[in-house]
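With UniProt numbering applied, the sequence shown corresponds to residues 1 to 274, in that order. Just so it is clear, CB atoms sit at the ideal spot from N, CA and C, and this is done for glycine as well. This one's a predicted model, so the numbers in the text were calculated from it and none came from an experiment.
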Amino acid sequence: MDMSMADPVLACEGLSYAVGQTWLLREVSLAVRAGENLGIVGPNGSGKSTLLKLLSGVHTPAAGEVRLLGQPLAKMRRRQVAQLLAVVEQQAETGDAISVRDAVELGRTPWLSALAPWGEEDERIVRQALRDVAVEHLQARIWHSLSGGERQRVHIARALAQRPTVLVLDEPTNHLDIRHQLSLLKLVHTLPVTTVAALHDLNQALGCDRLAVMEQGRMVALGAPCEVLTPERLRTTFGVHGHWLTDPADGARILRLRQLPSHESIEGNSPHVQ
C-alpha cells in the first residue's frame, strides 16, 4: 500500500508523558495514513499502552501534540473524538447483564441526542457491525455467556458501530488461544478503517503495513516489518536472536526467534526514561 502522499488521519509530534518524576514516554512523533494498519511493538514496559492512551485522548501529554484529521485532539470535544476514533482495550469487561446486541448498540451513543434519536440508520449500522465481525448469530446471547474470543469480536463490533475513522486496539489477542488470535488478527486486517494496534507477538505483527518499535519510552524504529525487525534490533530491543525465514506453505516471511546465550543477555528494558 502506497501511503506516502496521503495526509495523516492521526499524528503526533514530540509526544511525552510522565507520572511524577518518571517519564513513561519521550518525544514520539509519527503519522498514520488513511487505510493503514500500523502495529506498535516493544518489550513490556516500553510505552506501547501509554502511547495508545495518548493517541486516543485518555491521557494528556506532558509535551507534544496529537492531531486527529488535522485538528489538535486536546481542543476537540469528547463527542467529536468519539465519532472519529474508537478504542478496543485489553480484555474490556462489563458488569451488566446485557445482550450482545445491546453491547454493540452502545457504539452509537456518540451520535445520539435529543435532536438525533435512535433511527433506521442506527439499526442499519449495528446490523453491519455485527456482520463485519461475524457475530450476527450471537446477538441475543448474554455477554457473560460468551467465550474470550467472542467477547473480543463483540467489542470490535461495538467500536465499528461508532463508525470511526480510526480504530485503536491495545493487544487485542491478549489471553486468547492461538486459533482465536489468528482469527481476530485476520479480521482486524480486513476492517474498513485505519487501525493502530499494540501487539505482543512479533510474527503476528508482520501482517501490519508498518511497525513502530518502542524501547524504554522512545520510538526507536518505524517502517515496514522486514526493514525494522533486523537481527540487531531484535537483539538490542527484544533481547533475542532472530533471523528471517520463508514459509514454504505460502512464501510469506516469518521470524525465527531464539533466546540469547547467557553471556550475550542484555539488561532488561525499564519503563523509566532518562
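Can the beta-carbon of residue i be found less than 8 Å from the beta-carbon of residue j?
| i | j | result |
| --- | --- | --- |
| Leu138 | Leu167 | no |
| Ala62 | Ala129 | no |
| Leu55 | Ala212 | no |
| Pro110 | Gln71 | no |
| Thr194 | Val32 | yes |
Do you know offhand how far residue i's Cα is from residue j's?
| i | j | result |
| --- | --- | --- |
| Leu68 | Lys186 | 26 Å |
| Ala11 | Ala97 | 38 Å |
| Gly148 | Ala114 | 35 Å |
| Ala157 | Arg108 | 11 Å |
| Ala197 | Gln181 | 13 Å |
| Ser16 | Leu260 | 32 Å |
| Leu84 | Asp250 | 37 Å |
What did DSSP end up calling residue i once you bin it into helix, strand or coil?
| i | result |
| --- | --- |
| Leu130 | helix |
| Leu15 | strand |
| Arg253 | strand |
| Thr50 | helix |
| Leu222 | strand |
| Ser29 | strand |
When we look at the beta-carbon of residue i and count the other beta-carbons within 10 Å, is it buried (16 or more) or exposed?
| i | result |
| --- | --- |
| Asn44 | exposed |
| Pro164 | buried |
| Asp177 | exposed |
| Trp118 | exposed |
| Ala74 | exposed |
| Gly20 | exposed |
| Arg124 | exposed |
| Gly47 | buried |
Could you tell me which residues DSSP pairs with residue i in its beta bridges?
| i | result |
| --- | --- |
| Pro72 | Arg67 |
| Gly149 | Partner(s): none; Gly149 has no beta bridge. |
| Trp244 | Leu255 |
| Thr195 | Asn37, Leu167 |
| Thr22 | Val19 |
Answer yes or no: does any C-beta atom of chain C fall closer than 8 Å to that of residue i?
| i | result |
| --- | --- |
| Ser147 | Absent here is chain C; the protein component of the structure consists of one chain. |
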